[in-house]
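Scroll down for the structure; my scribbles are underneath it.
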Amino acid sequence: ALLRGQMDTTDMNLPSPTPKSSDPARLAADIVDRLTYRIGKDATVATPDDWLTAAVLVVRDRVVERWMESTRETYRREGKRVYYLSMEFLIGRLMRDAVTNLELVGEMQEALGELGVELDLIRELEPDAALGNGGLGRLAACFMESMASVDIPAYGYGIRYQNGMFRQELSDGWQVELPETWLEHGNPWEFERRESRYEIGFGGHIERDDADNCTWKPAERFWAEAFDTPIVGWKAKRVNTLRLWRAEPIDPLELEAFNRGDHMGALQDSMKAEALSRVLYPADATPAGQALRLRQEFFFSSASLQDILRRHMAQFGRITSLPEKAAIQLNDTHPAVSVAELMRLLIDVHNLDFDTAWDITKRTIAYTNHTLLPEALESWPVPLFEQLLPRHMQLIYKINARVLREARATGTFDDAQVAGMSLIDEHGERRVRMGNLAFVGAHSINGVSGLHTELMKETVFKDLHKLYPLRINNKTNGITPRRWLMQCNPGLYNLSREVTGDSIMSDLDAMKALDTVAEDAAFQERFAAIKRANKDRLAGVIEKRIGLKVDPSAMFDIQIKRIHEYKRQLMNIVETVALYDQIRSHPERAWAPRVKLFAGKAASSYHNAKLIIKLANDVARVVNADPATRDVLKVAFLPNYNVSLAEVMVPAADLSEQISTAGMEASGTGNMKFALNGALTIGTLDGANVEMREHIGAENIIIFGLTAAEVAEKRANGYSPEEVIAASPELSQALKAIESGVFSPEDRNRYADLVAGLRMSDWFMVAADFDSYAAAQRDVDGIWAEQPRWQAMAIRNAARMGYFSSDRTIRQYGREIWNVIN
Ligand code: 6GP
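Printed below as a string of structure tokens:
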């Protein structure tokens, strides 16, 4: 009886678990049950957090049945599984997601109502799971939800950071970073799997066995322990697993040291383990570059691969069938060390020869690139790599020798080109190039928008693409319509369904039917009323968070995303200053009232990004206090941007700012969320904006500025921002005001260097695009003045975003990369 769990139970008559009812009365009884027996509290003393936990546990029970069924079914079908390896999963809250996908919203509301608890209130208490920085992490979360929704058996693998993305506060307009403590009240969604743990090694030396096969004797060893969170697909069709690893010491306490009186030394291993899964590096599209980061990358890659191989061998018993049964997707280069780790496991543990192992590795692994920014291409100093991962270094040299041999054999590359393809950068300090490692170890390398994929072929991977021309392909990003329409904007969702029918959540293309009512005055009125209600709600949030009153009938013009020079928040602020000047010089004109909203975090070490946040706040302070512009212009920077704040801001936007320097934003996904929620986009021909224009129609989007080719041309041939600035009176005046301290009277030099950067080099083309941007903003004003036209355009935006559902993206991955859908 003790061994029951490991025995074949098929011929035993075990009782089955009781199916969970979704009747509101039953749900209410279950909630009280969890409160009593799991949390140990009486309803009379339960706090709102206790009610939330009890409600989550009840919802989770409804998920578990479908979860086990999904797992069993994949096993039975002997199907292929997808493994999505990502350092980041920016999930946000899970309660509303799970309840809507289970279609239990009404029932849960009623059940909690019977207990005198409001669902809407307790779900606001749920902390955001903020295990990501921005676009890359949020994409991983949308993909997890879509894979479950389109019925692909998939596991997400990542790190269970104890402290996710930092909490941002503003102190006198400056960003202050505070630790995020999302696990403070426990996490009722996750299941700790103490039995699923793997040993992870670092350092040490290699014992040679024979030509291929080696034994690595690491000097440091830790456990990786699994925590599983169920991810519910639309209508609970399938429930997949997000498996996050936490590091544990193998020797929690070195008793010998402790007894010697060395109490700190005795805990050394525990502390080192804790550091591994402690914090998310808050660098977005910029490399963290520290040894701990490489340790984190290897830690979760190795644990995930060991788990994948264990599952494969348990079911199929033969390692060589791995590529037919497992597709491993690397989310950017963060898990790129997986290429070497899979090789090590195949050769040293599964005793394959190098050639067979290399063939299996390439057929199993695929890699997604998310940025072309040269500074973001990860590379590690060879000495550091060698010291932490000696066996992997050896394998990388061997892989490199093979790739360079293949390159030379073509006879088409000169020495410089071969050096560029090498996995080792030999300029100055020798470094391991993680992008090249991911490229050569994968059968598919994809970009995230059409433009980005083409640029990848022409720039970073130019020669590798020539050597392996069939590998690069495009998978334009998408967003899940469940979270980014149905849940965040129920008003628009319900109104749309009157026209489109009920299928839009499984087929976002059906939104197209809204085109037929775009010009209909009665429909426009209802559409505008929903937008207005969303704006009223946001106005409430703004007042509560920063004490600023804004007029919900004004145009809400929003730029929310990580603060980065290439995203050009600075251009938006400078244009705001120019507009402010204009309004003051021409108060008699009929200005379209605007509320300019900003939110986003800056990497802690990114000086200019932090200064841009301060500038937004300085400009806001001056503008908002000026009675001359009071009725037409307000500026606000909302602190602590996260998924939950986005869910309030996106549905309330009239205008979406997607104004990156062309060629620099790989795709963007915020752009898609806004358009789906009926905002107009002002943007450059960058990333997925290009494809959005094709789908929405050029007449329904406001495009301005240089193209990617023009930017490249200007950079190559030199360009003089001073001349451009001199030729633009508006820009000159705005820059002068900023650099002379009009917005920073207490520190007049605060922005001198920032503006000098624009005058001297202007790498991001702020000056070059300024006039075109300002003119486009005046076009926007013109459209705003013709409300029926604006509403028609906004409706057409929502109608034509079907292509940008992440279900479409995931089906393309499934067909063209993973081979899990026909
Ligand atoms: C981002 C890109 O900057 C963004 O354009 C894209 O939409 C998103 O990835 C999803 O593909 N990249 C990152 O966040 C990043 O860290 C290494 O890239």
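Our numbering puts the first residue of the sequence shown at -6, with every later residue one more than the last.
Ideal placement from N, C-alpha and C gives every residue a C-beta, glycine not left out.
Assigned secondary structure, residue 204 (DSSP; H/G/I helix, E/B strand, else coil): Coil.
Need the endpoints of the beta strand (DSSP E) that residue 161 sits in, please. For residue 161, the uninterrupted beta strand (DSSP E) run begins and ends at 160 to 164, by DSSP.
Short of 6 angstroms in beta carbon distance, which residues of its chain neighbour residue 226, apart from the five on each side in sequence? Order them along the chain. Closer than 6 angstroms at the Cβ level, and outside the excluded window around residue 226, lie 141 and 142.
Could you spell out the range, first to last residue, of the beta strand (DSSP E) harbouring residue 151? Counting along the chain, the beta strand (DSSP E) containing residue 151 begins and ends at 147 to 152.
Counting Cβ pairs, one atom from each stretch, are 3 or more of them under 8 angstroms apart for the region 66 to 83 and the region 324 to 332? Contact annotation: the region 66 to 83 touches the region 324 to 332, with at least three C-beta pairs closer than 8 angstroms.
On the DSSP bridge assignment, give the partners of residue 198 in chain order. Partner(s): 210.
Examine the ligand 6GP and report whether any of its heavy atoms sits within less than 6 angstroms of the Cβ of residue 127. Result yes, Cβ under 6 angstroms from the ligand 6GP.
Tell me residue 167's beta-bridge partners as DSSP assigns them. In DSSP, residue 167 forms a bridge with 164.
Quick check on residue 276: does DSSP put it in helix, strand or coil? In the three-state reduction of the DSSP assignment, residue 276 falls in the coil class, being assigned neither a helical nor a strand state.
Roughly how far, in whole angstroms, is the beta-carbon of residue 547 from the beta-carbon of residue 586, given that I think they are within contact range, below 8 angstroms? Between residue 547 and residue 586 the beta-carbon gap is near 4 angstroms, inside 8 angstroms, which marks them as a contact.
How about residue 701: is its Cβ closer than 6 angstroms to a heavy atom in the ligand 6GP? With a cutoff of 6 angstroms, residue 701 does not count as near the ligand 6GP, since its C-beta is closer than that to no heavy atom of the ligand.
Since residue 479 is in the alpha helix (DSSP H), which residue starts that stretch and which ends it? For residue 479, there is no enclosing alpha helix (DSSP H), as DSSP marks it with neither H nor E.
Quick one: residues in its chain with C-beta nearer than 7 angstroms to the C-beta of residue -6, no 5 flanking neighbours on either side, listed in chain order? Only weak support exists for where residue -6 lies, its pLDDT of 43 falling under 50; the value from the coordinates is given anyway. Once the five neighbours on either side are set aside, residue -6 has no close Cβ partner at all.
Short Cβ contact (7 angstroms threshold) for residue 123 with residue 158: In contact: residue 123 and residue 158 (Cβ atoms closer than 7 angstroms).
Specify the secondary structure class of residue 237 as computed by DSSP and reduced to three states. Strand, per DSSP.
Roughly how many angstroms separate the alpha carbons of residue 118 and residue 111, rounded to a whole number? A straight-line Cα-Cα distance of about 12 angstroms links residue 118 and residue 111.
Check whether residue 505 and residue 550 have beta carbons under 7 angstroms apart: Taking the C-beta atoms as reference points, residue 550 is found no nearer than 7 angstroms to residue 505.
Based on the DSSP output, what are the partners of residue 222 in its beta bridges? 235, per the DSSP bridge assignment.
In chain order, each beta strand (DSSP E) run of at least 3 residues that lies wholly inside the region 27 to 103: Listed in chain order, they are 74 to 78 and 82 to 85.
Run the CB neighbour count on residue 816, radius 10 Å, all protein chains shown included, and call it buried at 16 or more, exposed below. With the chain covering only -6 through 815, there is no way to say anything about residue 816.
Could you name each continuous alpha helix (DSSP H) segment of 4 residues or more that falls completely within the region 362 to 388, going from the start of the chain to the end? DSSP assignment within the region 362 to 388 yields the following whole alpha helix (DSSP H) runs of 4 residues or more, N-terminal first: 375 to 381.
With a cut-off of 8 angstroms, do at least 3 Cβ pairs link the region 768 to 780 to the region 663 to 681? Judged by pairs of C-beta atoms under 8 angstroms, the region 768 to 780 touches the region 663 to 681, as three or more such pairs exist.
In angstroms, rounded to a whole number, what distance separates the CA positions of residue 400 and residue 419? If you take the alpha carbons of residue 400 and residue 419, they lie about 17 angstroms apart.
Decide if residue 52 is buried, meaning its Cβ has at least 16 other Cβ atoms within 10 Å, or exposed. Residue 52 counts as buried, since no fewer than 16 other beta carbons sit within 10 angstroms of its beta carbon.
Going by the C-beta, is residue 364 closer than 6 angstroms to any heavy atom of the ligand 6GP? For the ligand 6GP, at least one heavy atom lies less than 6 angstroms from the Cβ of residue 364.
Quick one: grab the DSSP three-state call for residue 811. It is coil, neither helix nor strand.
Alpha carbon to alpha carbon, how far is residue 13 from residue 212? Residue 13 and residue 212: Cα-Cα distance of roughly 49 angstroms.
Looking at residue 278 and the ligand 6GP, is the gap between the Cβ and the nearest heavy atom below 6 angstroms? Correct: residue 278 has its Cβ closer than 6 angstroms to the ligand 6GP.
Could you name the residues that DSSP lists as bridge partners for residue 285? Answer is none; residue 285 lacks a bridge partner.
Counting C-beta neighbours from all protein chains within 10 Å, is the total for residue 296 16 or more, i.e. buried, or is it exposed? Residue 296 is buried by the Cβ-count criterion.
Leaving out the 5 sequence neighbours to the left and right, which residues in its chain are closer than 7 angstroms to residue 757 when beta-carbon positions are compared? Within the same chain, and ignoring the five residues on either side of residue 757 in sequence, the residues whose Cβ sits closer than 7 angstroms to its Cβ are 558, 559, 561 and 654.
Here's the rule I'm using: 16 or more other beta-carbon atoms within 10 Å means buried, otherwise exposed. How should residue 74 be labelled? In summary, residue 74 is buried, with 16 or more beta-carbon neighbours lying within 10 Å of its beta-carbon over all protein chains present.
Could you name the residues of the same chain whose beta carbon sits closer than 7 angstroms to that of residue 816, not counting the 5 residues immediately before and after it, in chain order? Not covered by the structure: residue 816. The range shown for the chain is -6 to 815.
Opening and closing residue of the alpha helix (DSSP H) in which residue 537 lies: Counting along the chain, the alpha helix (DSSP H) containing residue 537 begins and ends at 514 to 539.
Would you call residue 594 buried or exposed, if buried means 16 or more other Cβ atoms sit within 10 Å of its Cβ? With 16 or more other CB atoms across the displayed protein chains lying within 10 angstroms of its CB, residue 594 is buried.
Can you find at least 3 beta carbon pairs, one from the region 797 to 812 and one from the region 538 to 546, that sit closer than 8 angstroms? Touching, no.
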